[in-house]
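Per mature numbering (1 follows the signal peptide of the UniProt record, and there is no 0): the sequence shown = residues -19 to -1, 1 to 381.
Ideal Cβ positions, reconstructed from N, Cα and C, are used throughout, including at glycine.
Structure first, commentary second.
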Amino acid sequence: MGPAWQWLLGAGILASVYCQPFPARGDKSLGVPEAPRGQLSEALPAYRKITPTITNFALRLYKQLAAETPGNIFFSPVSISSTLALLSLGAQADTPAQILEGLGFNLTETPEADIHRGFQSLIHTLDLPSPKLELKVGNSLFLDKQLKPQQHFLDNIRELYRAFAFSVNFTDSNTTRRQINDYVRKQTYGQVVDCLEEFTQDTLMVLLNYMFFKAKWKHPFNCYQTQKQESFFVDERTSLRIPMMHQKEMHRFLYDQEVACTVLQMEYNGNALALLILPDPGKMAQVEEALQPETLRRWDQLLLPSLLDLHLPRFSISGTYNLEEILSHIGLTGLFNLEADFSGITGQLNRTISRPGACSGSPQPCSGPSVSRSKNKQHGQGDSPGNDGGGETGTEQEMK
């Protein structure tokens, strides 16, 4: 009986739309605006303070998804965690601590300001231009035209997360959805499409994170042998005849007898890599249980260069997750209830609105914006023998 593949992909460190932008000290363009970069040279090491927590969050989220989601799992922990951390900048009272501690941060050891500087450093590092790979990271905030956001909130999300805020009309849902999707598509060179599928007319705010990655393998696959059909086991009982990419090259490699899996590290051109984990037959659950930050560190120390005759399936994988219930199971329990305080976005905990359907009857006080939906959508592929690999992701927080 052949094995089943489990994929783990890691980053290297482990536009015009008809909307009205909110002023953020200068740039009012809706093209590809440059975020301020002052003092980033001093802040670059700051990401080292947060990457262990992001790694731990990624593994906790993976295990929860594996428990609740059948089939393939594909998500971006950087996208999800940075979006939630950004959202905490608009939170008040106990809500910021609930979000950041839910992500796994110990606020005594890593103060809130250090966390945001860490994400600032991480986003800046990931977004540095490279001739060898394409990596585009961005955050955008779309607020209903009735909302008047706090200027200090807009300044903070722009400086720390390179996030740009725009005023839109959510009552015209079809037009606004098209505008938002066009904006993200242009920011990602046409690669991230239809990131936002739908929202209701009582939506007040949509926070989007998008990430696009494309690179060539450092060691190309043999183009002439890629069409060869070989057996591939998608689970312990089912095999398919599919095209396999093939190469004989040196890669860092190990067999972990304790965990019962084979580990392969493959490099892209540029500072990026993929970590592939192949459980022994029937050992998927054992491998998933063993996935801990210390396991990844141990593997990094034990991986040794080896000459491999590698047969890798051509693949295209995607995942779309509604994260409300999943995030609540891993510690983010208060994010989606009406008691969460996001008054730091507009400066008002309660407000009066007169939109039909938003409140019953005549205009009356309603609670301020609250998170009603969290969604992560991602697509990745490795299907070109000549030898592109990559993916795109979008994380959406909808508030009402």
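{"Check": "Would DSSP call residue 115 helix, strand or coil?", "Outcome": "strand"}
{"Check": "For residue 120, list the residues DSSP reports as bridge partners.", "Outcome": "144 and 190"}
{"Check": "Between the segment 142 to 158 and the segment 124 to 131, are three or more C-beta pairs nearer than 8 Å?", "Outcome": "yes"}
{"Check": "Do you know offhand how far residue 277's Cα is from residue 48's?", "Outcome": "21 Å"}
{"Check": "I think residue 191 touches residue 165, with their Cβ atoms under 8 Å apart; what is that distance to the nearest whole Å?", "Outcome": "5 Å"}
{"Check": "Spatial neighbours of residue 78 within its chain, please: C-beta separation below 7 Å, excluding the five flanking residues on both sides.", "Outcome": "88"}
{"Check": "Consult DSSP for residue 233 and reduce its assignment to one of helix, strand or coil.", "Outcome": "strand"}
{"Check": "Figure out for me which residue from 195, 82 and 50 has the closest Cα to the Cα of residue 302.", "Outcome": "50"}
{"Check": "First and last residue of the alpha helix (DSSP H) that includes residue 103?", "Outcome": "93 to 107"}
{"Check": "What separation, rounded to the nearest whole angstrom, lies between the Cα atoms of residue 226 and residue 118?", "Outcome": "29 Å"}
{"Check": "Can you name, in chain order, every residue of its own chain whose Cβ lies under 6 Å from the Cβ of residue 103, other than the five neighbours on each side?", "Outcome": "28"}
{"Check": "Starting from residue 246 and walking both ways along the alpha helix (DSSP H), at which residues does that stretch end?", "Outcome": "It is not in any alpha helix (DSSP H) - residue 246 instead sits in the beta strand (DSSP E) that spans 242 to 249."}
{"Check": "If you follow the alpha helix (DSSP H) that residue 82 is in, where does it begin and where does it stop?", "Outcome": "76 to 84"}
{"Check": "Rounded to a whole number of angstroms, what is the C-alpha to C-alpha distance between residue 264 and residue 241?", "Outcome": "7 Å"}
{"Check": "In the DSSP assignment, find the beta strand (DSSP E) that holds residue 211 and state where it starts and stops.", "Outcome": "210 to 214"}
{"Check": "Given this structure, state the Cα-to-Cα distance separating residue 43 from residue 54, to the nearest angstrom.", "Outcome": "8 Å"}
{"Check": "When the distance is taken between beta carbons, is residue 247 closer than 8 Å to residue 257?", "Outcome": "yes"}
{"Check": "In whole angstroms, give me the CA-to-CA distance for residue 173 and residue 297.", "Outcome": "15 Å"}
{"Check": "Go to residue 161, then tell me how far its alpha helix (DSSP H) extends in each direction, as first and last residue.", "Outcome": "154 to 168"}
{"Check": "Give the DSSP bridge partners of residue 225, in chain order.", "Outcome": "294"}
{"Check": "Assuming residue 311 is part of the beta strand (DSSP E), what are its boundary residues?", "Outcome": "No beta strand (DSSP E) holds residue 311; DSSP gives it neither H nor E."}
{"Check": "In angstroms, rounded to a whole number, what distance separates the CA positions of residue 146 and residue 186?", "Outcome": "10 Å"}
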